[in-house]
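Structure record follows, encoded as structure tokens.
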Amino acid sequence: MRLLVTGGRNFTNRDLAFSALDKLDAENCIDVVIHGAARGADTEAARWCAVRGVPVWPCPADWSLGKAAGILRNQWMLENASPSHVLAFPGGNGTADMVRRARAASIPVIEVQ
89 MRLLVTGGRN
99 FTNRDLAFSA
109 LDKLDAENCI
119 DVVIHGAARG
129 ADTEAARWCA
139 VRGVPVWPCP
149 ADWSLGKAAG
159 ILRNQWMLEN
169 ASPSHVLAFP
179 GGNGTADMVR
189 RARAASIPVI
199 EVQ
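Residue numbers (my numbering): 89 to 201.
Following this line, the structure appears as structure tokens:
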């Protein structure tokens, strides 16, 4: 499984993140975790990868591009990192954008509440 993790910058529930990732890994064997290299959900996913020894692919936004940087990064991750699934933790507009884009690309989205 090539898992793209998305979620809010204020998401800090490590127990929920680890539980959701552990469950997916047990069911599907996560080969790599792709994330946007932001604080919050992305950071928790990176911590899970470090603890579990799973490869991680951080994809930071190029904020020199202005306010569209996050949206451009989201599209880049879908087109170039080739995720098989998206795991979405609670978040805001950026998370909603990623979920919309993934669904439009027919990539299964697993939403964690």
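For glycine and all other residues, C-beta sits at the position ideal for the given N, C-alpha and C.
So, helix, strand or coil for residue i, using DSSP?
| i | result |
| --- | --- |
| R90 | strand |
| I159 | helix |
| A207 | Since the first residue of the chain shown is 89 and the last is 201, residue 207 is not available in this structure. |
| A176 | strand |
| V200 | coil |
| C137 | helix |
| T100 | coil |
| S152 | helix |
| S194 | coil |
Is residue i buried or exposed, if buried means 16 or more other CB atoms sit within 10 Å of its CB?
| i | result |
| --- | --- |
| C117 | exposed |
| N162 | buried |
| L160 | exposed |
| L153 | exposed |
| W136 | buried |
Measuring CA to CA, which of the options is closest to residue i?
| i | options | result |
| --- | --- | --- |
| L109 | G96, I122, A133 | A133 |
| D130 | V187, W164, A169, L92 | L92 |
| M186 | D119, G158, V139, S170 | G158 |
| V142 | L112, E199, Q201 | L112 |
| G180 | S107, W151, P146, Q201 | Q201 |
| G182 | S152, G124, W136 | G124 |
Any idea which residues DSSP pairs residue i with across the strands?
| i | result |
| --- | --- |
| P146 | H123 |
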